[in-house]
Amino acid sequence: MPSSARSVARDAEANTAFRVAARAGYVANGILHLLIGGLVLAVGFGAAEDTDQTGAFRAVAALPLGAVALGALALGLVALGCWHLLQAVAPRGLSGWKRLAWVAAEAPQGVVFIVIGVISASVALGARPHAEQAAEDASEVALTLPIGGFILGTVGLAVAGVGIGFGWMGLRRSFHSKVRLPDGVGGHVLSALGVVGFLAKGVALVVVGVLLVIAAVRIEPDTAGGLDGAVSALIALPAGPFLALLVGLGFLGYGVFTVFRARYARLDA
Numbered sequence: 143m144p145s146s147a148r149s150v151a152r153d154a155e156a157n158t159a160f161r162v163a164a165r166a167g168y169v170a171n172g173i174l175h176l177l178i179g180g181l182v183l184a185v186g187f188g189a190a191e192d193t194d195q196t197g198a199f200r201a202v203a204a205l206p207l208g209a210v211a212l213g214a215l216a217l218g219l220v221a222l223g224c225w226h227l228l229q230a231v232a233p234r235g236l237s238g239w240k241r242l243a244w245v246a247a248e249a250p251q252g253v254v255f256i257v258i259g260v261i262s263a264s265v266a267l268g269a270r271p272h273a274e275q276a277a278e279d280a281s282e283v284a285l286t287l288p289i290g291g292f293i294l295g296t297v298g299l300a301v302a303g304v305g306i307g308f309g310w311m312g313l314r315r316s317f318h319s320k321v322r323l324p325d326g327v328g329g330h331v332l333s334a335l336g337v338v339g340f341l342a343k344g345v346a347l348v349v350v351g352v353l354l355v356i357a358a359v360r361i362e363p364d365t366a367g368g369l370d371g372a373v374s375a376l377i378a379l380p381a382g383p384f385l386a387l388l389v390g391l392g393f394l395g396y397g398v399f400t401v402f403r404a405r406y407a408r409l410d411a
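Read in the working numbering, the sequence shown has 325 at position 183, and its numbers run on one by one without any break.
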């Protein structure tokens, strides 16, 4: 990448207002995971709710001043997405495969946060999207292609791989490199919340990936889905409601960790 582009990215990265916006983005992401965790817990207790991001946004939209809250979430999530994209452009002291690995880790996160932020803004403006149906529709379109099954299966394996990565980060506590945890009991509590949260998110993503692979193998787009489908698949298992409760609590833990990450995140490339 041209050094001029990296220089511009680093200048933007050093901007105080943008760094504050990025920290606000962590708060927005934490709130989103708290909402999802609450919805997963509700489903575990028998409620009929959508447990994905769009379900969380629709729940917020139903509240007084919900549109305003969604607008604030959208701004924070987009800011966090832009921050990750800058991180992909501006890393220092990396070259070759290490740089490629860094870009592969940061750039997709940036795109995902921006997309989720746009969805939040669309719900604030009156749209009522359903991520689960959208995932099934996209899978159906993919399966009509000559190599659609291969594409969908590859996406499923990639999603499952990301889930395994989240779980590994939780077990190894490698997320510590992303934050400056406080000393004492507070730091230990935040670390424990991070472990639980990363594991729970990893489990959910692995299930999503497995569902996509099954849909590809069986040529059944209805089997594919997002987080909502993953929670439904968990509940269908023996002791499923209990597993859903554990995942819901994990998402709550991840949400609390991410809110505090806004204070303690390392914002240097």
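The C-beta atom is built at its ideal place from N, Cα and C for all residues, glycine as well.
With distances taken from CA atoms, which of GLY208, TYR406 and LEU387 is nearest VAL338? The sequence position of residue 338 within the sequence shown is 196, counting from 1. It is LEU387 whose Cα lies nearest to the Cα of VAL338.
Consult DSSP for ALA381 and reduce its assignment to one of helix, strand or coil. Within the sequence shown, numbered from 1, the residue matching residue 381 stands at position 239. Here ALA381 sits in coil by DSSP.
Using DSSP with H/G/I as helix, E/B as strand and the rest coil, what is ALA407? Here the question's residue 407 lines up with position 265 in the sequence shown. Of the three classes helix, strand and coil, the one that applies to ALA407 here is strand, per DSSP.
Which residues in the same chain as SER333 place their Cβ atom closer than 8 Å to its Cβ, once the five residues preceding and following it in sequence are excluded? In the sequence shown, counting from the first residue as 1, residue 333 sits at position 191. So the list reads ARG315, HIS318 and LEU323, once near-sequence residues are dropped.
Are three or more beta carbon pairs between the stretch 258 to 270 and the stretch 214 to 221 nearer than 8 Å? Yes, the stretch 258 to 270 touches the stretch 214 to 221.
Are the beta-carbon atoms belonging to LEU299 and GLY351 less than 8 Å from one another? Your numbering for residue 299 matches position 157 in the sequence shown. Your numbering for residue 351 matches position 209 in the sequence shown. With a cutoff of 8 Å on beta-carbon distance, LEU299 and GLY351 are scored as near each other.
By alpha-carbon positions, which one of LEU354, ILE361, PRO288 and PHE402 ends up nearest to VAL331? As a working mapping, residue 331 is identified with position 189 in the sequence shown. Here the closest residue by C-alpha is PHE402.
What residue from ALA357, GLY312, GLY309 and LEU242 has the CA that sits closest to THR296's CA? Against the sequence shown, residue 296 aligns to sequence position 154. Out of ALA357, GLY312, GLY309 and LEU242, ALA357 has the C-alpha closest to the C-alpha of THR296.
Cβ-heavy atom distance between ALA358 and the ligand ATP below 7 Å? This structure simply doesn't include the ligand ATP, nor any ligand for that matter.
Rounded separation between GLY329 and LEU409 - CA only: For the purposes of this step, residue 329 is taken as the residue at position 187 of the sequence shown. For the purposes of this step, residue 409 is taken as the residue at position 267 of the sequence shown. Near 18 Å, if we compare the C-alpha coordinates of LEU409 and GLY329.
Reference ALA247, options GLY172, PHE399 and VAL304, closest by Cα: Position 105 of the sequence shown, counted from the first residue, corresponds to residue 247. Selection GLY172, PHE399 and VAL304 evaluated against ALA247 yields VAL304 as nearest (Cα-Cα).
With a floor of 4 residues, list each alpha helix (DSSP H) that falls wholly inside the stretch 309 to 376, ordered by position along the chain. 327 to 360, all fully within the stretch 309 to 376.
Name the residue from GLY238, LEU222, PRO288 and VAL283 whose alpha carbon lies nearest to the alpha carbon of GLY258. Translated into the one-based positions of the sequence shown, residue 258 becomes position 116. For the sequence presented, residue 258 should be read as Ile rather than Gly. Cα-wise, what sits closest to ILE258 is LEU222.
If we count Cβ pairs, one from each stretch, closer than 8 Å, do we get three or more for the stretch 164 to 175 versus the stretch 390 to 405? Contact between the stretch 164 to 175 and the stretch 390 to 405 is present: 3 or more CB-CB pairs across the two stretches fall below 8 Å.
What whole-angstrom Cβ distance do GLY309 and LEU287 have, given they're in contact under 8 Å? Counting from one through the sequence shown, the residue named residue 309 turns up at place 167. Counting from one through the sequence shown, the residue named residue 287 turns up at place 145. Your pair GLY309 and LEU287 does not check out as a contact, with CB atoms roughly 31 Å apart and the cut at 8 Å.
Give the C-beta separation of LEU227 and GLY197 to the nearest angstrom, bearing in mind that I take them to be a contact with Cβ-Cβ under 8 Å. By one-based count along the sequence shown, residue 227 stands at place 85. By one-based count along the sequence shown, residue 197 stands at place 55. Contact doesn't hold; Cβ gap of about 27 Å is too wide.
Whole-angstrom distance between ASN157 and LEU376, CA atom to CA atom: Position 234 of the sequence shown holds residue 376. Position 15 of the sequence shown holds residue 157. Their backbone Cα atoms lie some 44 Å apart in a straight line.
Just verifying my parser: in three-state terms, what is the DSSP assignment at PRO288? By 1-based counting over the sequence shown, the position of residue 288 is 146. When DSSP states are grouped into helix, strand and coil, PRO288 belongs to the coil group.
What is the DSSP secondary structure of ASN171, counted as helix, strand or coil? For the purposes of this step, residue 171 is identified with residue 29 of the sequence shown, where counting begins at 1. Correct three-state label for ASN171: helix.
Does the distance from the CB of LEU379 to the CB of ALA346 come in under 8 Å? Mapped onto the sequence shown, residue 379 falls at position 237. Mapped onto the sequence shown, residue 346 falls at position 204. Not in contact: LEU379 and ALA346 (Cβ atoms no closer than 8 Å).
Can you list, in chain order, the residues of its chain with a C-beta nearer than 6 Å to that of ARG405? Leave out the 5 residues immediately preceding and following it. To locate residue 405, count along the sequence shown from 1; it is residue 263. Cβ within range, chain order: n/a, list empty.
Contact belief for GLY138 with GLY312 at Cβ below 8 Å, rounded distance in angstroms: What the structure shows of the chain is the stretch from 143 to 411, and residue 138 is not part of that stretch, so it cannot be assessed.
Only counting the same chain, and skipping five residues up and downstream in sequence, which positions put a Cβ closer than 6 Å to that of ALA209? Numbered from 1 along the sequence shown, position 67 holds the residue referred to as residue 209. Only ALA266 meet the Cβ criterion.
Let me make sure I understand the geometry here. Which of ALA164, LEU294, VAL182 and ARG165 has the alpha-carbon closest to that of LEU354? The residue labelled residue 354 in the question sits at position 212 within the sequence shown. In terms of Cα proximity to LEU354, the closest of ALA164, LEU294, VAL182 and ARG165 is LEU294.
VAL231 to ALA189, Cα distance in whole Å? Stepping through the sequence shown from its first residue, residue 231 is reached at position 89. Stepping through the sequence shown from its first residue, residue 189 is reached at position 47. Rounded to whole angstroms, the gap between the alpha carbons of VAL231 and ALA189 is 44 Å.
Start-to-end residues for the alpha helix (DSSP H) that takes in LEU215: Looking up residue 215 in the sequence shown gives position 73. Bounds of the alpha helix (DSSP H) holding LEU215 are 208 to 231.
If you count every other CB in all the chains shown that lies within 10 Å of the CB of PHE255, and 16 or more means buried, which is it? The count along the sequence shown starts at 1 and reaches residue 255 at position 113. Buried, by the Cβ-count rule.
Can you grab the Cα-Cα spacing for the pair VAL348 / TRP225, in whole Å? Translated into positions along the sequence shown, residue 348 becomes position 206. Translated into positions along the sequence shown, residue 225 becomes position 83. Rounded to the nearest whole angstrom, the C-alpha separation of VAL348 and TRP225 is 26 Å.
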